[in-house]
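First up is the structure itself, then whatever we jot down about it.
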Amino acid sequence: MKTCYPTTRTAAAQQGYSLVELLVAISLGSVVLVSLGGVLLVSEMKVSAKIQRNLDAKDAANRAIDLMRREANSSLFLTNSLSRNESSSDCLRTSPVVYYQTNGSKICYKTVPPNWDKLPSAYQNVYQGPCLLVREGPPYKPDGEIDDLSGSIVRQVVLDGVAKTKSANCTSRSNQGLVVAVGKSNAPDQKATIKISLDRNNLDYKFSVQKPSNSAYDGNSLHHDMRQGCTISANKTAGCGTSADAVVSHLPESYSSVKGCDDVDFDICGSPSKETVFYFVKPFSQYLLSDVPGSSSPCTYAKCYVQKINGTFSVRLSNVDHLVFPDKEIRPSS
Amino acid sequence: MKLISRQAFTLFELMITVAVIGIVSSMVIRSTYTFLQEQKLRQASNELLSYLLTARAKALREASVSESVSGKAKACEVKLDASSNTISPSSNSAANVCNESPPLPVLNLLAASGVSNLKLTSSEGSSPFFITFTRMGTVASSNLSSSQSVTLPRIFYLSNPDSATNSKLQRCVLVDLNSLRIGWRNSADTPCTYNGN
Chain A
1 MKTCYPTTRT AAAQQGYSLV ELLVAISLGS VVLVSLGGVL LVSEMKVSAK IQRNLDAKDA
61 ANRAIDLMRR EANSSLFLTN SLSRNESSSD CLRTSPVVYY QTNGSKICYK TVPPNWDKLP
121 SAYQNVYQGP CLLVREGPPY KPDGEIDDLS GSIVRQVVLD GVAKTKSANC TSRSNQGLVV
181 AVGKSNAPDQ KATIKISLDR NNLDYKFSVQ KPSNSAYDGN SLHHDMRQGC TISANKTAGC
241 GTSADAVVSH LPESYSSVKG CDDVDFDICG SPSKETVFYF VKPFSQYLLS DVPGSSSPCT
301 YAKCYVQKIN GTFSVRLSNV DHLVFPDKEI RPSS
Chain B
1001 MKLISRQAFT LFELMITVAV IGIVSSMVIR STYTFLQEQK LRQASNELLS YLLTARAKAL
1061 REASVSESVS GKAKACEVKL DASSNTISPS SNSAANVCNE SPPLPVLNLL AASGVSNLKL
1121 TSSEGSSPFF ITFTRMGTVA SSNLSSSQSV TLPRIFYLSN PDSATNSKLQ RCVLVDLNSL
1181 RIGWRNSADT PCTYNGN
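What follows is the structure in structure tokens.
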């Protein structure tokens, strides 16, 4: 039997690597390793930076929404439709996303491109867009209150990176890049009835009806009305028909000034497909919820008097989704 | 045994080699020094941004539940002093939550970053600069310490006037109503490029 042995290596192979070969090999290996490490490191840094940017963006968006929500809660009404009397305002001309009014001052939010020529020059090259959410209104004082007495109006960017709309236009009126919804879509199944009693002291009463959270909302039925004194006529049932928007849209024209009236009833048409929210002027602490006289059911959101503590102003509500006061929202308990 | 003849380097070759190594080393050392100084400048701007974020968080956390003597909500006001390169809570207001116990510590940007020389300027006003965060986390358009209005956005520029590096790089810290951002620019004549929102 023949025993197999490994073949004898050549003399050259037995010499091993020279120092130069080792140095070259080490150098090449180092270059490859450093390159790979660098690529991985850069990739990791990019991912990390992207995550951080996303977190920062979400944080900024949350603060922007929180700011708008605070202002909405302290506002008398909000709308995103043009008002007849304020059509000259640039705030309304350039497609506001949402529009508030607090103590007579206007606060407007709208989306604009980063190079919008009405932004202060200091904003040049600061934000990238594609759209910016801009707040236009009175500035904030250090105590967090709106400085609505100075009369100054500032334009300030609240949020960067707001997406473009389908029409690729930041200022398009159909802009849905940012939708702020207050309240929930819990629509009444019948028309909401408000009974308003006004005293003779020229009490201001302001309210709004809005449908922001329903997908069918067309953005046009949001309405506000402001009256000085008792200016509400009793003839308000004519508009209640099949169209839910009809009453809302014709409210301003239909009211006539009736000075000195004490007790006025009128209807606002509700719709099963839309949400109705009522805003009240004073903070919630200045109102009382009282049982409707003669009602056997306990006081709920829908069957109550909303009565101002110091004064004779009261509102009787029925079949209403919920009430929104400047500092509190009342929803049905059941 | 076969003798192998070996040639050594000549003096000229050695001198050339040493000269090349010297030139390359000086370039590497200089660029490394510049890089390190710019990193320290970056660190200074990061420290400033971090301090402002802390102040904003403190205003959000504490100013909303605090009431000042006058019944108004408090705020957090910090003072940025370019002469001493420090940022600290302002001490001249009773409504400053950042000055309440435990107050925000004084931050020395030089010590925190290790930069050899720091020049701090602003897009508006002169040192000391005041920044006031409201209870909502927004930057107020006026300060607790003075009734003068503040134009937003406000940009703070940090540079290192070090003749050894000759670097014109500047770091930018943007203070706006709802955002604090950090960026850079290559010279005082160019606009800043900011990181993502």
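Chains as they are written, first to last, in our numbering: chain A, 1 to 334; chain B, 1001 to 1197.
Just so it is clear, CB atoms sit at the ideal spot from N, CA and C, and this is done for glycine as well.
Problem set entry | Cutoff 8 Å: B/Arg1042 Cβ touching any chain A Cβ | no
Problem set entry | Helix, strand or coil at A/Val126 [DSSP, three-state] | coil
Exercise. Starting from A/Gly161 and walking both ways along the beta strand (DSSP E), at which residues does that stretch end?
Worked result: Val154 to Val162
For this session: Under 7 Å Cβ to Cβ from A/Tyr123, same chain only, skipping five residues before and after it: list those, please.
Result: Val157
Problem set entry | Proximity below 8 Å, CB of B/Asp1162 to CB of B/Ser1116 | yes
Exercise. Looking at the C-beta of B/Tyr1194, does it have a partner C-beta in chain A at a distance below 8 Å?
Worked result: yes
Exercise. Is B/Asp1176 close to chain A, meaning its C-beta is less than 8 Å from at least one C-beta of that chain?
Worked result: yes
Exercise. Taking Cβ positions only, does A/Arg69 come closer than 8 Å to chain B?
Worked result: no
Exercise. Is there at least one Cβ from chain A nearer than 8 Å to B/Ser1091's Cβ?
Worked result: no
Problem set entry | Nearest neighbour of A/Tyr140, chosen from A/Leu133, A/Ser121 and A/Ile107 [CA to CA] | A/Ile107
Exercise. Comparing the C-beta of A/Pro130 with each C-beta of chain B, is any distance below 8 Å?
Worked result: no
Problem set entry | Span of the alpha helix (DSSP H), counted from its first residue to its last, around B/Thr1054 | Leu1011 to Lys1058
Problem set entry | Distance CB(B/Arg1135)-CB(B/Ala1094) smaller than 8 Å | no
Exercise. Is A/Asp143 close to chain B, meaning its C-beta is less than 8 Å from at least one C-beta of that chain?
Worked result: yes
For this session: Determine which residues share a DSSP beta bridge with A/Cys131 and list them.
Result: A/Val162
Exercise. CB-CB under 7 Å to A/Asn85, same chain, minus the five flanking residues each way: which ones, in chain order?
Worked result: Reliability of the predicted coordinates at A/Asn85 is poor, the pLDDT of 39 falling under 50, and no value is obtained from them.
Exercise. Between the stretch 11 to 32 of chain A and chain B, which residues of the former have CB atoms less than 7 Å from a CB of the latter, in chain order?
Worked result: none
For this session: Below 8 Å on the Cβ atoms is my guess for B/Leu1158 versus B/Ala1044; work out the distance and round it to an integer in Å.
Result: 5 Å
Exercise. Roughly how many angstroms lie between the CA atoms of A/Tyr127 and A/Leu149, to the nearest whole one?
Worked result: 30 Å
Exercise. How about B/Leu1011: is its C-beta nearer than 8 Å to some C-beta of chain A?
Worked result: no
For this session: Indicate whether at least one CB of chain A lies closer than 8 Å to the CB of B/Met1109.
Result: Note that residue 1109 of chain B is Leu in the sequence shown here, rather than Met. Answer no: the Cβ-Cβ gap between B/Leu1109 and chain A never drops below 8 Å.
Problem set entry | Any 3 or more C-beta pairs closer than 8 Å across the stretch 1032 to 1051 of chain B and the stretch 1006 to 1024 of chain B | no
For this session: With 9 Å as the limit, tell me which residues of the stretch 1127 to 1140 of chain B have their beta carbon closer than that to any beta carbon of chain A; keep them in chain order.
Result: Thr1132, Phe1133, Thr1134, Arg1135, Met1136, Gly1137, Thr1138, Val1139 and Ala1140
Problem set entry | Among B/Cys1172, B/Ala1075 and B/Gly1183, nearest to B/Ser1142 - alpha-carbon criterion | B/Ala1075
For this session: Enumerate in chain order the residues of its own chain whose CB-to-CB distance from B/Pro1191 is below 8 Å, with the five nearest sequence positions on each side excluded.
Result: Arg1185
Exercise. Measuring CB to CB, does A/Ser152 end up less than 8 Å from A/Pro138?
Worked result: yes
Problem set entry | Any C-beta of chain A under 8 Å from that of B/Thr1034 | no
For this session: Check each residue of the stretch 1046 to 1058 of chain B: if its Cβ is closer than 7 Å to any Cβ of chain A, include it; give the result in chain order.
Result: none
Exercise. Applying the criterion that 16 or more other CB atoms from any shown protein chain within 10 Å of the CB defines a buried residue, is A/Leu28 buried or exposed?
Worked result: exposed
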